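Residue numbers (my numbering), protein chains in the order written: chain W, 37 to 663; chain L, 4 to 288. To start, the structure under review is shown below, and the notes come after it.
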Amino acid sequence: MDASTSVETHQDPHAHAAEHEHHELGFWRKYIFSTDHKVIGIQYGITGLLFLLLGFSLMMLMRWQLAYPGQALPVIGKWLPHIFGAGTMPDGKMTPDFYNSLGAMHGTIMIFLGVVPLAFAAFGNFVVPLQIGAPDMTFPKVNMASYWALFVGGSIMLTSFFVPGGAAKSGWTSYVPLAAFSDAGPGHNPVFNGQTLWLIGFIFLITSSLLGAVNFITTIIQLRAKGLTWMRLPFFVWSQFVTAFLLLLAFPPLEAAIIMQLMDRVAHTSFFLPAGLVVNGAPVSISGGGSPLLWQHLFWFLGHPEVYVLILPAFGIVAEILANNSRKPLWGYKSLVFSVLVIGFLSFIVWAHHMWMTGMGTAVSAFFQTTTLLISIPSVIILSAFFISLWGGSIRFTVPMLFATAFLPMFGIGGLTGIPLAFNSADLYLHDTYYVIAHFHYIVAPGTIFGLFAGVYYWFPKATGRKMNDFWGKVHFWPTLICMNVIFLPMFLQGMAGMHRRWYDGGQGWNVSNEHTIWGLTGFQWNAPISWAAWIMGLAQIPFIINFFWSIKHGEKVNDNPWEATTLEWTAPSPPPHGNFVHTPVAYRGPYEYSLPGRERDYTMQNEPVEPAERTRRKPPAELVPA
Amino acid sequence: MEIPYTISTRPDTGLWNAKIGIWLFLASEVMLFGALFSAYIFLRIDAAPGTWPHGLLNVPVGTGNTAILIVSSVTVVLAWAALKMRRYRVYWWYMLATISCGVIFLTVKLAYEWPQKFEHFGAYIKPDALGKYEKYLGNERRAEKGMEPRIEITGHLHSQNAKEYEVALDPVNADPDNPVMDRPHFLPLPVTDKIATIEKEDVERATMFLPTHSAYFASYFTITGLHGLHVLGGVLVFIYMWLPVSKRLYQRNPEHLANRVEVSGLFWHFVDLIWIFVFPLFYLL
Numbered sequence: 037m038d039a040s041t042s043v044e045t046h047q048d049p050h051a052h053a054a055e056h057e058h059h060e061l062g063f064w065r066k067y068i069f070s071t072d073h074k075v076i077g078i079q080y081g082i083t084g085l086l087f088l089l090l091g092f093s094l095m096m097l098m099r100w101q102l103a104y105p106g107q108a109l110p111v112i113g114k115w116l117p118h119i120f121g122a123g124t125m126p127d128g129k130m131t132p133d134f135y136n137s138l139g140a141m142h143g144t145i146m147i148f149l150g151v152v153p154l155a156f157a158a159f160g161n162f163v164v165p166l167q168i169g170a171p172d173m174t175f176p177k178v179n180m181a182s183y184w185a186l187f188v189g190g191s192i193m194l195t196s197f198f199v200p201g202g203a204a205k206s207g208w209t210s211y212v213p214l215a216a217f218s219d220a221g222p223g224h225n226p227v228f229n230g231q232t233l234w235l236i237g238f239i240f241l242i243t244s245s246l247l248g249a250v251n252f253i254t255t256i257i258q259l260r261a262k263g264l265t266w267m268r269l270p271f272f273v274w275s276q277f278v279t280a281f282l283l284l285l286a287f288p289p290l291e292a293a294i295i296m297q298l299m300d301r302v303a304h305t306s307f308f309l310p311a312g313l314v315v316n317g318a319p320v321s322i323s324g325g326g327s328p329l330l331w332q333h334l335f336w337f338l339g340h341p342e343v344y345v346l347i348l349p350a351f352g353i354v355a356e357i358l359a360n361n362s363r364k365p366l367w368g369y370k371s372l373v374f375s376v377l378v379i380g381f382l383s384f385i386v387w388a389h390h391m392w393m394t395g396m397g398t399a400v401s402a403f404f405q406t407t408t409l410l411i412s413i414p415s416v417i418i419l420s421a422f423f424i425s426l427w428g429g430s431i432r433f434t435v436p437m438l439f440a441t442a443f444l445p446m447f448g449i450g451g452l453t454g455i456p457l458a459f460n461s462a463d464l465y466l467h468d469t470y471y472v473i474a475h476f477h478y479i480v481a482p483g484t485i486f487g488l489f490a491g492v493y494y495w496f497p498k499a500t501g502r503k504m505n506d507f508w509g510k511v512h513f514w515p516t517l518i519c520m521n522v523i524f525l526p527m528f529l530q531g532m533a534g535m536h537r538r539w540y541d542g543g544q545g546w547n548v549s550n551e552h553t554i555w556g557l558t559g560f561q562w563n564a565p566i567s568w569a570a571w572i573m574g575l576a577q578i579p580f581i582i583n584f585f586w587s588i589k590h591g592e593k594v595n596d597n598p599w600e601a602t603t604l605e606w607t608a609p610s611p612p613p614h615g616n617f618v619h620t621p622v623a624y625r626g627p628y629e630y631s632l633p634g635r636e637r638d639y640t641m642q643n644e645p646v647e648p649a650e651r652t653r654r655k656p657p658a659e660l661v662p663a
Numbered sequence: 004m005e006i007p008y009t010i011s012t013r014p015d016t017g018l019w020n021a022k023i024g025i026w027l028f029l030a031s032e033v034m035l036f037g038a039l040f041s042a043y044i045f046l047r048i049d050a051a052p053g054t055w056p057h058g059l060l061n062v063p064v065g066t067g068n069t070a071i072l073i074v075s076s077v078t079v080v081l082a083w084a085a086l087k088m089r090r091y092r093v094y095w096w097y098m099l100a101t102i103s104c105g106v107i108f109l110t111v112k113l114a115y116e117w118p119q120k121f122e123h124f125g126a127y128i129k130p131d132a133l134g135k136y137e138k139y140l141g142n143e144r145r146a147e148k149g150m151e152p153r154i155e156i157t158g159h160l161h162s163q164n165a166k167e168y169e170v171a172l173d174p175v176n177a178d179p180d181n182p183v184m185d186r187p188h189f190l191p192l193p194v195t196d197k198i199a200t201i202e203k204e205d206v207e208r209a210t211m212f213l214p215t216h217s218a219y220f221a222s223y224f225t226i227t228g229l230h231g232l233h234v235l236g237g238v239l240v241f242i243y244m245w246l247p248v249s250k251r252l253y254q255r256n257p258e259h260l261a262n263r264v265e266v267s268g269l270f271w272h273f274v275d276l277i278w279i280f281v282f283p284l285f286y287l288l
């Protein structure tokens, strides 16, 4: 396209000269307070992976309590109280408050400190500028500020475990009025308590995401290489573009809600508190006049787009890897792009399907039910296009491809089991059961996280110049896939049997989880195999961790394009230097030109000019042209 | 390494980077304040009769502050235009005017308007004790006229002991049956010297006019507070672009400084726009 021929004009000679002075950056500026998008991407990536591990560890602790309620946790149960405080696990037995803290923080950490920094910020930062042929992000300093805002927010969240009373314990959704009164009163600091720190930490996390989103969108609009038109963008760039818009527009309402809840807790306002509240048997002195539903609306106005923030980057990663490893152009590129745009739009008008239990009235319910079902259409288009992309391909089952192909059925299960929840009549029964947990974990755990693992294995050679070990990648993949399913499939059954998601005793004390058997085990008895699968899955991550760090120094050395891929990031050296490309890239063709007929190689990179012969070859054969 | 389009425009988009950046940022700000204003609407519609106060804010002062912000919006554009015409001296003065307007606005808000509220006292009377304070509330006449009942007595807290509050009444409670008191006043009426004694056991809840007083003051202080932080942010950025360091940037590349002023000017207009919503919602309606 000629439209994108662009030359910098009006360059001030002085500014030019100043920028061209090369001086070596010290360690701190190069690796810690760096403005290079690749270093920031890696910082985000490592932070995100560490938080994923932490969030998963919290869950592994909870799984003990669910499987063996009231029993002392062997071995580590003795020293956990020394870390989290004496009141959390006396004699290795978990207290209900501590269980609630773990649950609330598991959700918060996994979503906002694990998956978002990894899927959006890490991959977006590292890959997007390379894929669009840009030297860096448009606002490198803002980019650095965005990482450090996340760092501060994450540190505050971690600190909240160690304040008197422990971390937030009102669920990751922090529903009011519960959240307004928890972690308050005697023994709690008015500001440095779990729930208040959760709110303050969140403000930093939201700031981080907003800065990132502004930067990403501007970068994609402004810094595309010459010739890289919108319809030549790799699908991953499109998915990051839509994700950035979701973060940009959905997070601020939650920020508003967080500010109001902070006011409720610190300045004793009543944004979310109705008049006449009685807490612990005593009426509370508040003005009232607030509405708990207001919090839910504002929370889910973020909460639902957030689901797509979690899944869209994974779609993007999987799309790149599927095309690359099936050696075929991605099937239905345009419909994929339009689907992802439609998802982005619709995700803003489905939020109240999280609130069927609030009695919104039939008209409102009908609206949200309709939009919720509508959004499944573009999602199914995307998934179908991915499956069709595999058809007739000469598939290379590399480690990233294993994760990417596993993503497809896992996301499929997660998506399809969501449909009953979209109908409010069915949801009234399934609401807040393990069914819901199984549904959204199929989307984000074997769905998104598999996408992320695939991305780590896929772009690792670009970041380091070395490949991660193939064998240990497979040792990581197979147990993880099996355990994921052993963990989450039975939860559908537990949920349909009526097990509630917030039972501290795993359902031991409740009839519904004990009177029916599912394949010979009662709902409660299923907890033990699930928990064992979770712990085994924890062990299965060890090969990944070792492989990851070992390969940085000792992995097999590879060339700049080890996967024989087509997109622009593979034209840069591995690892790319500051400024990324040796020659400023120019794009001449679409992103997935695999197996082009008449070529020696089965891949044609985006920066390879179109030859005159190719133009004629591309015309359809004469017998197919209607007379 | 150099990032393209920081100063000149990209031909196919016709924009330089920061201009897109600031519009995106403003989009997110719209969502932030939009959510707060939605909350205001939600709370106001839901408010029980008599609990949403009217006419408690100082309208002339608010009007003055509105004018100051509008003037500053004009001066910031003139400052930008002066830079475009490469007249740094003129720019410097217009920028100083803009900064001064921002500082005056904040001073009025923080040193006058807010403290005035903090000194004011309000006591919500229990429903079964309302009759006892009829002479301060005038509810019989209001019921005849079909108006919402008054349930709060306001004024300056004179003194209090374990059993009662002594309040120097606001005119509305000093003379409740006067038809003049049925609607808010443009010019605020001073607190009278009529003292009322209110027994604490008749009081549902009594506070100063703090965020905790009511949903109205909660949203007033939250929204104006957040808006004030935005004004402060804008002022700090303007000061940075007004200090001698800006002269050096101007000499190196005047267009760069002009772009910076344009971007922060857009932000400043947005901050003014928010105030244009705040003023009628809290002062007039």
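Here a beta-carbon is modelled for each residue, glycine too, at the ideal position from N, C-alpha and C. These figures come from a predicted structure and were not determined experimentally.
Check whether chain L comes within 9 angstroms of residue i, counting only Cβ atoms and requiring the distance to be less than that.
i       : result
H142(W) : no
M504(W) : no
E291(W) : yes
F156(W) : no
What distance in whole Å lies between the Cβ atoms of residue j and residue i, which are believed to be in contact at a cut-off of 8 angstroms?
i       : j       : result
V250(W) : F28(L)  : 5 angstroms
Y624(W) : L366(W) : About 18 angstroms; that fails the 8 angstroms criterion.
M98(W)  : Y135(W) : 6 angstroms
In whole angstroms, what separates the C-alpha of residue i from that of residue j?
i       : j       : result
S549(W) : D275(L) : 58 angstroms
P226(W) : H477(W) : 35 angstroms
G397(W) : T441(W) : 42 angstroms
M437(W) : H233(L) : 48 angstroms
V175(L) : D185(L) : 8 angstroms
D300(W) : S306(W) : 6 angstroms
T66(L)  : F496(W) : 60 angstroms
K262(W) : I418(W) : 28 angstroms
A564(W) : G230(W) : 30 angstroms
Y253(L) : Q332(W) : 49 angstroms
C519(W) : W26(L)  : 46 angstroms
S191(W) : I145(W) : 11 angstroms
S222(L) : L39(L)  : 8 angstroms
T78(L)  : M98(L)  : 7 angstroms
G17(L)  : G24(L)  : 14 angstroms
V264(L) : Y183(W) : 26 angstroms
G501(W) : M641(W) : 19 angstroms
At a Cβ threshold of 9 angstroms, is residue i touching chain W?
i       : result
V33(L)  : yes
S75(L)  : no
L18(L)  : yes
H57(L)  : no
S267(L) : no
D49(L)  : yes
T215(L) : yes
Exposed or buried, which one is residue i when buried takes at least 16 other CB atoms within 10 Å?
i       : result
S162(L) : exposed
W64(W)  : exposed
V314(W) : exposed
K138(L) : exposed
S321(W) : exposed
P110(W) : exposed
Between which two residues does the alpha helix (DSSP H) carrying residue i extend?
i       : result
M232(L) : Correcting the residue identity first, residue 232(L) is Leu in this sequence and not Met. Taken as a continuous stretch (DSSP letters only), the alpha helix (DSSP H) holding L232(L) covers 218-243.
E137(L) : 137-140
Could you tell me the boundaries of the beta strand (DSSP E) in which residue i lies?
i       : result
V170(L) : 167-172
I128(L) : 123-128
I198(L) : 198-202
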